[in-house]
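Positions 61 to 646 (my numbering) are the ones given, in order, by the sequence shown.
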Amino acid sequence: MLPHILSIRVILLLLLTLSAICIPANATNRLTTKDFTYLGAFRLPGDETPPQTFAYGGNAMTFNPDGDPENTDAYPGSLFVMGHDRIAYGTLPNGNQVAEISVPEPVISRNLADLPYASFIQNFHEVVANYFHDMEEIPKVGLAYLNHPATGPKIHLTWGQHLQPENTPSQGWFNPTLTNPDFQGVWFIGNQNLYSVNAYLFEIPAAWADAHAHGRYLGTGRMRDGGQGGMGPTLFAYRPWRDDGTAPPSGTVLTETPLLLYENAYNTDQIVRAMNGYQHPDEWEGGAWITTTSGQSAVLFAGAKSTGAKYWYGYINARGSEYPCVDHHVTDFVTCRLANGDACPAEDFAGCCNEAEGNCASYRGWWSTRFDAQFILFDPADLARVVSGELESWQPQPYASLDIDQHLYLNPPVWDEISVGTGNQRRYRIGDVAYDRAHDLLYVLEYLADGGKPVVHVWRVGGDHDATTALITHYYESILERPPEAEGLAYWQDLIAESQTQPIDVKPIFREMANFFFNSDEYLARNTTDQQFVANLYLTFFQREPDETGYAFWLEQLASGAQRNDVMIFFLYSQEFLDFMQSLGF
Numbered sequence: 061m062l063p064h065i066l067s068i069r070v071i072l073l074l075l076l077t078l079s080a081i082c083i084p085a086n087a088t089n090r091l092t093t094k095d096f097t098y099l100g101a102f103r104l105p106g107d108e109t110p111p112q113t114f115a116y117g118g119n120a121m122t123f124n125p126d127g128d129p130e131n132t133d134a135y136p137g138s139l140f141v142m143g144h145d146r147i148a149y150g151t152l153p154n155g156n157q158v159a160e161i162s163v164p165e166p167v168i169s170r171n172l173a174d175l176p177y178a179s180f181i182q183n184f185h186e187v188v189a190n191y192f193h194d195m196e197e198i199p200k201v202g203l204a205y206l207n208h209p210a211t212g213p214k215i216h217l218t219w220g221q222h223l224q225p226e227n228t229p230s231q232g233w234f235n236p237t238l239t240n241p242d243f244q245g246v247w248f249i250g251n252q253n254l255y256s257v258n259a260y261l262f263e264i265p266a267a268w269a270d271a272h273a274h275g276r277y278l279g280t281g282r283m284r285d286g287g288q289g290g291m292g293p294t295l296f297a298y299r300p301w302r303d304d305g306t307a308p309p310s311g312t313v314l315t316e317t318p319l320l321l322y323e324n325a326y327n328t329d330q331i332v333r334a335m336n337g338y339q340h341p342d343e344w345e346g347g348a349w350i351t352t353t354s355g356q357s358a359v360l361f362a363g364a365k366s367t368g369a370k371y372w373y374g375y376i377n378a379r380g381s382e383y384p385c386v387d388h389h390v391t392d393f394v395t396c397r398l399a400n401g402d403a404c405p406a407e408d409f410a411g412c413c414n415e416a417e418g419n420c421a422s423y424r425g426w427w428s429t430r431f432d433a434q435f436i437l438f439d440p441a442d443l444a445r446v447v448s449g450e451l452e453s454w455q456p457q458p459y460a461s462l463d464i465d466q467h468l469y470l471n472p473p474v475w476d477e478i479s480v481g482t483g484n485q486r487r488y489r490i491g492d493v494a495y496d497r498a499h500d501l502l503y504v505l506e507y508l509a510d511g512g513k514p515v516v517h518v519w520r521v522g523g524d525h526d527a528t529t530a531l532i533t534h535y536y537e538s539i540l541e542r543p544p545e546a547e548g549l550a551y552w553q554d555l556i557a558e559s560q561t562q563p564i565d566v567k568p569i570f571r572e573m574a575n576f577f578f579n580s581d582e583y584l585a586r587n588t589t590d591q592q593f594v595a596n597l598y599l600t601f602f603q604r605e606p607d608e609t610g611y612a613f614w615l616e617q618l619a620s621g622a623q624r625n626d627v628m629i630f631f632l633y634s635q636e637f638l639d640f641m642q643s644l645g646f
């Protein structure tokens, strides 16, 4: 029985504020959020002495299926990872060096000391020593390993910077033997806006590219905050080599096939022809074209999504994350908006600090009341419809999203908090991604997780894994903050398997599991706060962070005397829980 304070008002609020995860019934070949199984993380080798360090790097990464051939474990191949960024004005002109590393077996642990280290296969080398020196102010770089018969193995590259100079080529390639990179380039992507083309880069499967993109096997794009390259992630297919496999002359304008391109904020002050839920602080830092060995596919983008009730251009407000702090000197665009794209109330445009006087709580930029690290998934069929002219390039929308914050460490050095923020306002959460197509492995960089160095997280992608085991493991990790012990895992697996043979609905077993875990001595000994408890409910049952309205509401209910078990019951019987379980096949 729900207590009297959990009135009809609660039900109405939850219907309005808890969004369900919906997977269309006819999308049987789409990759779904249930197809991601977290495998753990590993650390990067080396110290933090620039430029030959991964510290303040991780701008770009790509998987090499031909790397580390003597390795016979479950994680073959290698990763090319970019190190410490260049710093402009001669401060660090030889940054953005590239190294090749092995892939150790990842470990799930909240303790960084438990994670294994990768090892160097090739140490750092400056593969673009004589290039891109006009773009060293916050470089934006992508890498993609491609072994095509016409060219042999090459690492393709795209390069830009935060404030992009005009008429600057962005693309090139180099050899995987880093001591002999033989860099070739530099080339333009058609006549596209440079803020749309030069931050991430990945392989497009040959069968799709041959059928829909005129044999253009590489996808390049960029998501520039403020919507200056488009109000959502962009993607263009291209092929840089000539028919004989050789590199074209420097300055060549390569022919591109647009696959994804939303409206540019330079063209309008309205949030229109944008990705659903778009906000100006959105960051999409990496991408991969997923085709699993079990037959699913998706185009994935990874980054820190602005999900706040308000977002603005300016600074963090020292009063709290819910308060904007706009740069009130900027008046040539709308500097504060609500989540729906409308302008903020007039009082939010007053500003709260003066950067010239040194009293601002952060560096200037696009901020939000909340960021979440997410994967978003697009249907390749929608991109094919763009190529055929059936859809405009701004019409495809993500069909699913997956919040991954529960797996991140989110522990930047204190001195970097003025730049990246903290808590709900932590931006720059994750960087580039790399994909091992043959083994269904997705590698994702988390910025500033190991001091100044990134950490590499690993997911297995594809529908052949055991969804029951994955969800049981998730309950252990979310509630008890540890992997399942073998005996406990087997107990819950057997209960669910017995019900499925009947067949009987297994949701009551997961409800029983949740009740058992949340009321166990192990959980109660942690003495969690109400804030931690509510966050646990959202992460456990919906696999997402709490929305601000729902989070505040449940904290108010608990403060007013609601019992934790009664609040948990509401989550376990909510429509979002039912829809989420259905999306997992339960």
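Even for Gly, the Cβ is constructed at its ideal location relative to N, Cα and C.
What do you reckon, are the CB atoms on residue i and residue j nearer than 7 Å?
i, j, result
"Gln-339", "Ser-310", "no"
"Tyr-205", "Asn-119", "no"
"His-499", "Tyr-98", "no"
"Asp-510", "Arg-103", "yes"
"Arg-539", "Ile-556", "In the sequence as displayed, the identity of residue 539 is Ile instead of Arg. Contact flag unset, no."
"Val-313", "Phe-243", "no"
"Cys-420", "Tyr-375", "yes"
"Tyr-322", "Ile-249", "no"
"Ile-436", "Pro-456", "no"
"Arg-397", "Ala-433", "no"
"Trp-301", "Asn-258", "no"
"Asn-156", "Pro-199", "yes"
"Ile-168", "Pro-606", "no"
"Gly-127", "Gly-143", "no"
"Asp-303", "Pro-341", "no"
How many Å lie between residue i and residue j at the Cα?
i, j, result
"Thr-92", "Val-627", "29 Å"
"Phe-361", "Thr-294", "10 Å"
"Gly-279", "Gln-112", "28 Å"
"Phe-578", "Leu-584", "7 Å"
"Leu-508", "Pro-472", "5 Å"
"Leu-320", "Leu-443", "7 Å"
"Ser-256", "Glu-316", "12 Å"
"Gly-212", "Thr-353", "24 Å"
"Glu-450", "Glu-537", "44 Å"
"Gln-635", "Glu-572", "18 Å"
"Leu-217", "Gly-232", "5 Å"
"Thr-237", "His-185", "10 Å"
"Val-246", "Asp-565", "59 Å"
"Ser-138", "Glu-165", "12 Å"
"Asp-639", "Gly-368", "24 Å"
"Arg-520", "Ala-494", "12 Å"
"Ala-148", "Glu-196", "5 Å"
"Thr-228", "Thr-351", "33 Å"
"Asp-133", "Val-163", "10 Å"
"Thr-122", "Ser-580", "43 Å"
"Ser-643", "Arg-604", "14 Å"
"Trp-268", "Tyr-277", "9 Å"
Buried or exposed: residue i, going by 16 or more other Cβ atoms within 10 Å of its Cβ?
i, result
"Glu-96", "Just to set this straight, residue 96 is Phe in the shown sequence, not Glu. Result: buried."
"Thr-109", "exposed"
"Leu-632", "buried"
"Gly-423", "Correcting the residue identity first, residue 423 is Tyr in this sequence and not Gly. Result: exposed."
"Gly-491", "buried"
"Glu-343", "buried"
"Phe-180", "exposed"
"Ser-461", "buried"
"Pro-514", "buried"
"Gln-617", "buried"
"Gly-645", "exposed"
"Phe-409", "buried"
"Ile-68", "Note that Ile-68 scores a pLDDT of 32, beneath 50, so its modelled location is shaky and nothing firm can be said."
"Ser-448", "exposed"
State the CB to CB distance for the pair residue i and residue j, rounded to an integer number of angstroms; the pair is presumed to be in contact (CB under 8 Å).
i, j, result
"Thr-395", "Trp-372", "6 Å"
"Gln-288", "Tyr-326", "6 Å"
"Arg-170", "Glu-541", "6 Å"
"Arg-624", "Ala-358", "Rounded, the Cβ-Cβ distance is 37 Å, inconsistent with contact."
"Tyr-503", "Val-518", "6 Å"
"Gln-485", "Phe-431", "7 Å"
> At which residue ranges does the region 584-635 contain complete alpha helix (DSSP H) runs of 4 or more residues, listed in the order of the chain?
Replying inline: 590-601, 608-619 and 624-632
> At which residue ranges does the region 491-574 contain complete beta strand (DSSP E) runs of 3 or more residues, listed in the order of the chain?
Replying inline: 501-510 and 513-521
>> Going residue by residue through the region 419-465, where are the continuous beta strand (DSSP E) segments of at least 3 residues, counting only ones entirely within it?
In response: 425-428, 431-438 and 460-463
>> Restricting to runs no shorter than 3 residues, where is the beta strand (DSSP E) found entirely within the region 190-239?
In response: 199-208, 212-221 and 231-234
>> Going residue by residue through the region 253-335, where are the continuous alpha helix (DSSP H) segments of at least 4 residues, counting only ones entirely within it?
In response: 266-272
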